[in-house]
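With positions in the sequence shown counted from 1, the corresponding number in my numbering is that position plus 27.
Just so it is clear, CB atoms sit at the ideal spot from N, CA and C, and this is done for glycine as well.
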Amino acid sequence: MTAKALRAMGLGKLIACVLVMWLLVVLMISGPLFHNSEPDEQVLARLTRAVGELESLKQQNEELRSLLNAIREPSKKEEPSSPRQQQHKGCEPSEEYEVRRRRVANGVQELWFYARAQLKKLLPNLKKEDQANLQRIIDGLAVHRRTIQLDLEEMRRADGYDSWRQTESRALTELVQSRLSKLQHPSDCSKAPKLVCSLNKGCGYGCQVHHATYCLITAYATQRTLVLHSKGWRYSSAGWETVFQPVSNSCTQVGNQRGVPWSANVAGAPVVELPIIDNVQPRPAFLPLAVPAELASRLTRLHGQPALWWVSQVLGFLLRPQPSLQRYLDQAAHDMGFRGPVVGVHVRRTDKVGTEADFHSLEEYMEYVDDFFERLALKGGPPPTRRVYLATDDPKLLSEAKTKYPNYHFFGDSRIANTASLGQRYSSESLRGVLLDIHMLSRCDYLVCTFSSQVCRLAYEMMQLSYVDAADRFRSLDDIYYFGGQKPHNQVAIYNHTARSADEIDMRVGDTLGIAGNHWDGFSKGVNRRTGHSGLYPAFKAVEKVEAVPFPVQ
């Protein structure tokens with residue numbers, strides 16, 4: 028059977044499953060309404076609103092049908108292929124196919140978020156018997172959603188393009204890494220323009236690494252060799268090179284040249300000193316979440332989050348471990364018996380809670396861990412061992428997890444949590460602990476954490492280096508992915524939307540939306556930059572806007 032036939036069969040099954048889910052949601056919302064004591068007018072009003080909201084889900088089904096038809100019936104306008112074209116046909120996917128494939132997967136997830144949130148709103152108003160019935164239906168819907176996701180994964184494996192994805196991923200990685208290496212090793216250091224960056228930002232490890240990332244992105248965009256001043260670093264007074272390889276082996280000092288502060292008129296200056304991202308003025312176009320324009324099309328086809336891929340490549344160059352650190356990480360993984368399948372969980376409990384982030388119970392994290400392993404169990408065979416790598420700054424959490432979830436095997440070290448306390452955070456032991464946590468989290472199959480945490484985002488970024496596309500291998504309990512100090516984060520509307528309440532906003536296809544966050548209930552919040560109105564909009568009706576910015580090409 029051909030790859031095209033497999034894709035068609037898989038999409039046909041997917042459409043059928045989504046239709047079943049849609050009908051079940053209609054019945055679930057309408058059924059409980061007619062079994063309570065509300066006046067008929069209120070029941071009718073609630074039912075009308077529920078059905079109206081579900082109209083938006085039909086659009087996802089129409090998109091699936093369009094994609095299925097495109098696969099089954101090639102365009103009649105296509106010219107007959109030459110023998111050479113026939114020979115290479117199917118070797119690589121079109122950008123549209125890859126984008127739509129990921130869009131369908133995201134649409135299924137957003138459909139689940141929406142259905143679950145709406146149905147759970149009904150639970151408190153029902154009798155206990157009806158609550159139990161509705162919860163069983165919600166659980167049944169979750170199983171349907173998991174099977175659709177498994178089918179989508181199988182479709183990707185069966186479409187014949189995985190070899191191209193692997194090859195393209197390696198090619199892009201080699202291209203970027205070679206350019207960064209060339210930039211950092213000029214033939215004549217004395218003549219090379221330089222960018223000086225100091226690793227003295229007053230924040231934690233993840234924040235400081237992201238500061239260095241911003242510095243190297245700026246160096247790349249301005250074609251300057253980065254000189255990273257790290258002596259006296261709060262985590263290691265001897266400097267960056269005690270744990271990571273030098274950002275340059277041949278150009279590490281500015282000599283007698285005096286640096287000038289960053290400004291709009293520094294193009295000809297031999298040495299430029301860069302402030303922290305919060306203070307950089309004017310703000311350059313190349314700041315995250317921008318990607319190099321020459322790579323944008325290739326990245327859009329390859330990866331679900333091009334900006335995330337770009338940041339991960341810069342981090343991959345910066346965080347090349349010294350041999351001693353690599354031995355430590357390898358030995359630690361060996362000693363704990365680390366292996367998959369495994370979910371990484373990062374729980375931040377100290378300085379962020381109450382200021383930048385809300386408290387989240389262990390149960391909130393484990394809900395998504397359970398979901399991951401329930402999906403694996405559907406594949407048949409021996410039940411998978413449920414493994415979790417738990418990273419936290421709460422020394423009591425590991426023992427709590429082992430007590431509450433005896434059916435799980437937890438990797439982790441409470442001593443690392445002790446060194447992560449505010450009083451010990453800037454010690455060598457703390458540094459080794461956070462390095463190990465981030466390394467192990469990035470090696471997991473899935474990540475559950477809060478993106479308000481720099482460590483969580485850093486692990487997610489580093490995870491991209493282990494996979495062709497790990498953009499969807501996470502669940503954040505709060506924020507969407509962002510880079511601290513980034514430019515405005517924009518999406519683009521791909522469907523029209525008419526507000527159905529005062530909380531929502533209208534949008535037209537092509538509108539630019541400044542996204543503030545995803546509420547993980549089927550809706551995102553943001554501002555329509557055309558109308559200036561802020562509010563909620565269906566998350567599946569918008570996609571990331573790839574900010575392609577010209578970078579100098581070496």
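What's the call for residue i, buried or exposed, on a 16-neighbour Cβ count within 10 Å?
i	result
threonine 558	exposed
threonine 194	exposed
valine 536	exposed
alanine 198	exposed
histidine 237	buried
glutamine 358	exposed
glutamine 136	buried
histidine 330	buried
tyrosine 141	buried
leucine 458	buried
arginine 414	buried
leucine 405	exposed
phenylalanine 386	exposed
cysteine 471	buried
glycine 134	buried
proline 110	At proline 110 the pLDDT is 46, less than 50, meaning the model places this residue with poor confidence and gives no usable figure here.
glutamate 394	exposed
threonine 430	exposed
glycine 549	buried
cysteine 242	buried
aspartate 189	exposed
lysine 552	buried
valine 370	buried
proline 409	exposed
serine 479	buried
valine 270	buried
In whole angstroms, what is the alpha-carbon distance linking residue i and residue j?
i	j	result
glutamine 284	valine 318	31 Å
leucine 417	tyrosine 435	11 Å
isoleucine 465	asparagine 292	39 Å
asparagine 555	proline 565	13 Å
phenylalanine 156	leucine 150	A small correction: the amino acid at residue 156 is glutamate; phenylalanine does not occupy that position in the sequence shown. Looking at the two C-alpha atoms, the distance is approximately 11 Å.
proline 422	glutamate 574	41 Å
phenylalanine 313	arginine 402	39 Å
threonine 377	glutamine 481	13 Å
threonine 279	proline 315	25 Å
alanine 294	glutamine 250	10 Å
serine 102	valine 131	Summary for serine 102: the model assigns pLDDT 40, below 50, so the residue's position carries little reliability; its value from the coordinates is reported in the next sentence. Distance between the alpha carbons of serine 102 and valine 131 is about 21 Å.
glutamate 531	valine 570	17 Å
histidine 373	serine 469	11 Å
glutamine 349	valine 274	12 Å
proline 411	phenylalanine 400	7 Å
arginine 192	lysine 154	52 Å
proline 107	threonine 477	Any reading at proline 107 must be qualified, since the residue scores a pLDDT of 46, below 50, and its modelled position is unreliable; no value is offered.
lysine 568	arginine 129	14 Å
valine 287	serine 426	53 Å
glycine 439	glycine 511	28 Å
glutamate 105	isoleucine 175	Confidence at glutamate 105 is low in this model, with a pLDDT of 40, below 50, so its placement is unreliable and no value can be given for it.
arginine 347	asparagine 152	55 Å
methionine 467	valine 475	13 Å
glutamine 235	valine 203	22 Å
arginine 184	arginine 500	16 Å
alanine 246	lysine 218	15 Å
histidine 524	glycine 541	16 Å
arginine 354	serine 264	22 Å
asparagine 215	threonine 252	One detail in the question is off: residue 215 reads as aspartate in this sequence, not asparagine. Using only the alpha carbons, I get a separation of about 11 Å.
Could you tell me which residues DSSP pairs with residue i in its beta bridges?
i	result
leucine 255	Cys224
threonine 539	Val519
phenylalanine 140	Partner(s): none; phenylalanine 140 has no beta bridge.
tryptophan 534	With the sequence shown as reference, residue 534 is identified as methionine, and tryptophan is not the correct amino acid for it. In the DSSP output, where bridge partners are listed per residue, methionine 534 has His524.
phenylalanine 271	Pro348
leucine 563	Glu531, Lys552
proline 12	Given that the chain is displayed from residue 28 to residue 581, the structure contains no residue 12 and the question cannot be resolved.
asparagine 545	Ser551
alanine 575	Val318
At a threshold of 7 Å, does residue i count as lining the ligand MG (C-beta to nearest heavy atom)?
i	result
aspartate 398	The ligand MG is absent from the structure shown, which contains no ligands of any kind.
Would you check if there are 3 or more beta carbon pairs closer than 8 Å linking the region 342-350 to the region 483-496?
yes
Those runs of the alpha helix (DSSP H) which lie wholly inside the region 298-373 and span at least 4 residues
320-329, 333-345, 350-363
Would the region 152-163 and the region 563-579 be scored as touching if the rule is three or more Cβ pairs under 8 Å?
no
Quick one: which unbroken beta strand (DSSP E) runs of 3-plus residues sit fully inside the region 457-532? Chain order, please.
473-476, 501-503, 517-520
If you pair each beta-carbon of the region 254-266 with each one of the region 321-328, do three or more pairs fall below 8 Å?
no
Given 8 Å, three or more beta-carbon pairs between the region 211-229 and the region 295-308
yes
Only counting runs of 3 or more residues, tell me where the beta strand (DSSP E) segments fall wholly within the region 404-453, in order along the chain.
414-419, 436-438
In the region 186-221, which residue ranges form an unbroken alpha helix (DSSP H) of at least 4 residues, counting only runs that do not cross its ends?
189-211
Using 8 Å as the threshold, is the region 507-523 in touch with the region 538-545, meaning 3 or more CB pairs across them?
yes
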